[in-house]
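Visitor:
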Amino acid sequence: MKHRGRHRRRKQGRALRAFLAGTALALTGAATLISASQATVGTDPGALKPLPSDVSLEALRLHEEPLPSPASAAGGTVGVGAVLADADHTLRPAVDCTGAERRALPVSPAATRAHCWAEDDTRGWRPGAVTTSGDADDDGRWGANRVILSGWSDHRGAARVAFVDAGDPGRLSYTWVLLAVPAADGRDNRPLLSPLSGMVWYQDKLLVTGDEGRALYVYDLDRVQRATTTGTDATTDRTPGGPAARGIGYVLPAVGSYRLPGGTRMGGLSLDRSTTPDSLVASESVPAGDDRPTRLWRYSLSDDPSGAGLLTTGPYEAYETKTTDVRGVLSYRDRWYLARAAGEQDGHGTLWRQDPSGAQAARCGTDETYQCWSGPAQSLSHWEETGEVWSQSGRMLFSLPLHTIDRALD
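Sequence positions in the sequence shown follow the working numbering and run 21 to 430.
#1: Does the region 67-84 touch the region 185-195, meaning 3 or more C-beta pairs lie closer than 8 Å?
#2: How big is the Cα-Cα spacing for Trp403 and Trp137?
#3: Check each candidate in His109, Ser401, Arg427 and His423 and name the one with the smallest Cα separation from Gly148.
#4: Look at the alpha carbon of Ala79 and the alpha carbon of Pro335, and state the distance between them as a whole number of angstroms.
#5: Report yes or no: is there a C-beta of chain D within less than 9 Å of the C-beta of Thr370?
#6: What residue does the beta strand (DSSP E) around Leu429 start on, and which one ends it?
#7: How would you call His135, buried or exposed, if buried means at least 16 neighbouring beta carbons within 10 angstroms?
#8: From Arg355 to Gly233, what distance separates their C-alpha atoms?
#9: Would Arg360 and Arg373 be called neighbours here (beta carbons separated by less than 9 Å)?
#10: For a quick check, are the C-beta atoms of Tyr278 and Ala235 less than 9 Å apart?
#11: What did DSSP end up calling Asp375 once you bin it into helix, strand or coil?
#12: I'd like the list of long-range same chain contacts for Ser351, defined as Cβ closer than 6 Å, with 5 residues on each side in sequence excluded.
#13: Can you pull the DSSP bridge partners for Glu408?
#14: Within 10 angstroms of the Cβ of Asp155, are there 16 or more other Cβ atoms? Answer buried if so, exposed if not.
#15: Between the Cα of Ser305 and the Cα atoms of Arg315, Ser299 and Pro297, which residue gives the shortest distance?
#16: Give the DSSP bridge partners of Trp196, in chain order.
#17: Rounded to whole angstroms, what is the Cα-Cα separation between Asn165 and Asp311?
#18: Can you round the beta-carbon distance between Ser411 and Ser399 to whole angstroms, since I take them to be within the 8 Å contact cut?
#19: Can you round the beta-carbon distance between Ala179 and Leu212 to whole angstroms, since I take them to be within the 8 Å contact cut?
#20: Between Arg285 and Ser303, what straight-line distance do the alpha-carbon atoms span, to the nearest angstrom?
#21: Cα separation between Lys342 and Val220?
#22: Taking Ser76 as part of the beta strand (DSSP E), name the residues at either end of that continuous run.
#23: Within 10 Å of its beta-carbon, does Thr259 have 16 or more other beta-carbons around it, so buried, or fewer, so exposed?
#24: Beta strand (DSSP E) containing Arg315: first to last residue?
#25: With a cut-off of 8 Å on the beta carbons, I'd call Glu340 and Pro376 a contact; round off their distance for me.
#26: Does DSSP put Gly369 in a helix, a strand or coil?
#27: Within this structure, are the beta carbons of Leu272 and Leu199 separated by less than 9 Å?
#28: Kindly list the residues whose CB is nearer than 8 Å to the CB of Leu420, restricted to its own chain and excluding five residues on each side of it in sequence; keep chain order.
#29: Could you tell me the distance, in whole angstroms, from the CA atom of Gly99 to the CA atom of Val228?
#30: Count the other CB atoms within 10 Å of the CB of Arg123; is the residue buried (16 or more) or exposed (fewer)?
#31: With DSSP as the reference, please indicate the residues paired to Glu85 in a beta bridge.
#32: Around the C-beta of Pro65, are 16 or more other C-beta atoms found within 10 angstroms, so that it is buried, or is it exposed?
#33: For Glu121, report the span of its alpha helix (DSSP H) as first-last.
#34: Using only the alpha-carbon positions, how far apart do Arg146 and Pro297 sit?
#35: Could you say which of Gly367, Ala397 and Glu337 lies nearest to Val349 if we only look at CA atoms?
#36: I think His109 touches Asp141, with their Cβ atoms under 8 Å apart; what is that distance to the nearest whole Å?
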């Protein structure tokens with residue numbers, strides 16, 4: 021039975037790859053119509069500039085800030101496995117997504133796996149960062165589960181995460197978890213109000229950008245709270261108008277936080293398992309059209325099972341890039357990959373690979389056109405065990421092998 025199931029998945033995979041290849045060809049044809057003004061947005065940013073100065077690195081030092089203990093959970097606390105067992109929604113495979121939804125996918129290199137979220141389940145919410153159990157553990161699993169975490173925020177900035185059961189590549193199911201922060205008096209939990217531009221799952225902790233990129237919040241994935249519909253609290257499991265009443269079955273309160281000094285704001289986050297020790301990679305949030313460079317840097321992560329000293333607060337490597345409006349950052353084996361947002365609404369973004377010697381970008385349509393990546397570009401997450409890079413754009417969640425990206429860039 022196991023071999024027959026695997027054979028069916030292979031056939032489904034071949035069919036999906038063929039479908040996505042056809043979609044990519046259609047999008048490539050559309051890309052040839054991109055205006056010359058849009059093509060110039062992908063101007064070569066050149067080589068990365070190292071920032072060796074102690075003064076420069078000090079400006080990126082995190083300051084750890086304690087939080088009150090989370091409010092108690094009337095419904096009890098559970099781990100990731102219990103949350104996945106409650107998965108009550110299903111993502112549609114790419115073949116069942118609309119043409120408008122698929123236009124958010126990259127033109128080149130093309131996605132090899134793609135799924136879309138239901139419109140009625142994401143209306144009023146905008147997609148953010150992605151991380152996976154490939155970040156959490158080097159075997160790619162959390163317990164027996166393969167998991168994708170997909171972040172979203174609404175017009176107020178309230179943040180929620182879809183816990184996606186990715187054990188069956190042909191059928192991704194999920195359920196929602198609301199992110200919260202303990203109130204100052206420790207009696208309540210309030211919603212985390214911030215776009216989720218960056219998110220990394222490392223061991224049993226989830227690191228999330230907050231306060232518009234000025235902070236990192238830490239969540240313990242063994243302490244997810246069940247939501248109920250009794251009581252008066254406005255954000256935890258005790259409210260009739262809270263998460264449970266809005267169809268969200270779980271709340272995850274933060275257990276710690278870090279803050280950046282001054283006006284520095286983090287954009288994308290990712291995990292780099294090619295360093296020793298593993299490192300947390302960050303990009304600065306610099307708007308398009310700003311004439312200052314974007315900083316890229318990394319912090320060391322600890323494998324201490326107690327969780328003490330999870331993150332070193334001082335960066336040990338930093339660079340500047342001329343690329344602005346960076347939405348996704350990835351570093352692997354001395355190469356940095358930057359996903360830049362589209363230059364105009366409904367356009368496509370650019371994916372650059374940079375190092376201290378130069379920069380390359382995938383091309384599509386004509387040699388002058390670099391707008392080949394997904395349009396509303398979001399975070400990049402490398403699942404090292406499978407070699408896949410995961411991202412999302414619009415209502416599409418997608419992946420492709422890192423070697424495919426490198427081949428397109430080379």
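Note that the Cβ used here is the ideal one computed from N, Cα and C, for glycine as well.
Guide: This is what the structure gives:
#1: no
#2: Within the sequence shown, the letter at position 383 stands for residue 403. Within the sequence shown, the letter at position 117 stands for residue 137. Spanning the two alpha carbons is a distance of roughly 21 Å.
#3: Position 128 of the sequence shown, counted from the start, is the residue given in the question as residue 148. Nearest option by C-alpha distance: Ser401.
#4: Position 59 of the sequence shown, counted from the first residue, corresponds to residue 79. Position 315 of the sequence shown, counted from the first residue, corresponds to residue 335. Whole-angstrom Cα-Cα distance: 9 Å.
#5: Here there is only one protein chain, and chain D is not present.
#6: Position 409 of the sequence shown, counted from the start, is the residue given in the question as residue 429. No beta strand (DSSP E) contains Leu429, which is instead part of the alpha helix (DSSP H) from Leu422 to Leu429.
#7: Within the sequence shown, residue 135 is the residue found at index 115, counting from 1. His135 is buried by the Cβ-count criterion.
#8: Residue mapping note: residue 355 aligns to position 335 of the sequence shown, counting from 1. Residue mapping note: residue 233 aligns to position 213 of the sequence shown, counting from 1. Using only the alpha carbons, I get a separation of about 24 Å.
#9: Here residue 360 refers to the residue found at position 340 of the sequence shown. Here residue 373 refers to the residue found at position 353 of the sequence shown. No, the pair does not count as a contact, with Cβ atoms beyond the cut-off.
#10: Sequence index remark: in the sequence shown, residue 278 carries index 258 (1-based). Sequence index remark: in the sequence shown, residue 235 carries index 215 (1-based). For Tyr278 and Ala235, yes; Cβs fall inside 9 Å.
#11: For this step, residue 375 is matched to residue 355 along the sequence shown. Three-state DSSP puts Asp375 in a strand.
#12: To locate residue 351, count along the sequence shown from 1; it is residue 331. Closer than 6 Å at Cβ, skipping near neighbours: Asp292 and Val301.
#13: Locating residue 408 in the sequence shown gives position 388, counting from the first residue. Trp403 and Pro421, per the DSSP bridge assignment.
#14: On the sequence shown, residue 155 is found 135 positions in, with the first residue counted as 1. By the neighbour-count rule (16 or more Cβ atoms within 10 Å), Asp155 is buried.
#15: Position 285 of the sequence shown, counting from 1, holds the residue named residue 305. For the residues Arg315, Ser299 and Pro297, the minimum Cα distance to Ser305 belongs to Arg315.
#16: Residue 196 sits at position 176 when you count from the first residue of the sequence shown. In DSSP, Trp196 forms a bridge with Ala182.
#17: As a first step, residue 165 is located in the sequence shown; it is residue number 145 there, counting from the start. As a first step, residue 311 is located in the sequence shown; it is residue number 291 there, counting from the start. One C-alpha to the other measures close to 45 Å.
#18: Taking the first residue of the sequence shown as position 1, residue 411 is located at position 391. Taking the first residue of the sequence shown as position 1, residue 399 is located at position 379. Right, their Cβ atoms sit about 6 Å apart.
#19: Position 159 of the sequence shown, counting from 1, holds the residue named residue 179. Position 192 of the sequence shown, counting from 1, holds the residue named residue 212. At roughly 5 Å, the Cβ-Cβ gap stays under 8 Å, so Ala179 and Leu212 are in contact.
#20: One-based indexing of the sequence shown puts residue 285 at position 265. One-based indexing of the sequence shown puts residue 303 at position 283. Cα to Cα, the separation comes out at about 9 Å.
#21: One-based indexing of the sequence shown puts residue 342 at position 322. One-based indexing of the sequence shown puts residue 220 at position 200. Going by the C-alpha atoms only, they are around 25 Å apart.
#22: Position 56 of the sequence shown, counted from the start, is the residue given in the question as residue 76. No beta strand (DSSP E) contains Ser76, which is instead part of the alpha helix (DSSP H) from Asp74 to Glu78.
#23: Mapped onto the sequence shown, residue 259 falls at position 239. Note that Thr259 scores a pLDDT of 41, beneath 50, so its modelled location is shaky and nothing firm can be said.
#24: The residue labelled residue 315 in the question sits at position 295 within the sequence shown. Per DSSP, Arg315 belongs to the beta strand (DSSP E) from Thr314 to Ser320.
#25: Indexing the sequence shown from 1 puts residue 340 at position 320. Indexing the sequence shown from 1 puts residue 376 at position 356. Going by Cβ atoms, the distance from Glu340 to Pro376 rounds to 11 Å, so no, they are not a contact pair.
#26: As a first step, residue 369 must be located in the sequence shown, where it is residue number 349. Three-state DSSP puts Gly369 in a strand.
#27: For this step, residue 272 is matched to residue 252 along the sequence shown. For this step, residue 199 is matched to residue 179 along the sequence shown. Cβ distance < 9 Å, so Leu272 and Leu199 count as in contact.
#28: Reading the sequence shown from its first residue, position 400 is the one you call residue 420. Cβ within range, chain order: Pro126, Pro129, Ala130, Ala131, Thr132, Arg133, Glu408 and Val409.
#29: Position 79 of the sequence shown holds residue 99. Position 208 of the sequence shown holds residue 228. Whole-angstrom Cα-Cα distance: 18 Å.
#30: The count along the sequence shown starts at 1 and reaches residue 123 at position 103. Buried is the call here.
#31: Mapped onto the sequence shown, residue 85 falls at position 65. For Glu85, which the question treats as bridged, DSSP gives the partners Ser277.
#32: Here residue 65 refers to the residue found at position 45 of the sequence shown. Answer is buried; the Cβ neighbour count reaches 16.
#33: For the purposes of this step, residue 121 is taken as the residue at position 101 of the sequence shown. Start and end: Gly119 to Arg122.
#34: Your numbering for residue 146 matches position 126 in the sequence shown. Your numbering for residue 297 matches position 277 in the sequence shown. Straight-line Cα distance between these residues: approximately 33 Å.
#35: Along the sequence shown, one-based indexing puts residue 349 at 329. With distances taken between Cα atoms, Val349 lies closest to Ala397.
#36: Here residue 109 is taken as the residue at index 89 of the sequence shown, counted from 1. Here residue 141 is taken as the residue at index 121 of the sequence shown, counted from 1. So it is a contact: roughly 6 Å between Cβ atoms.
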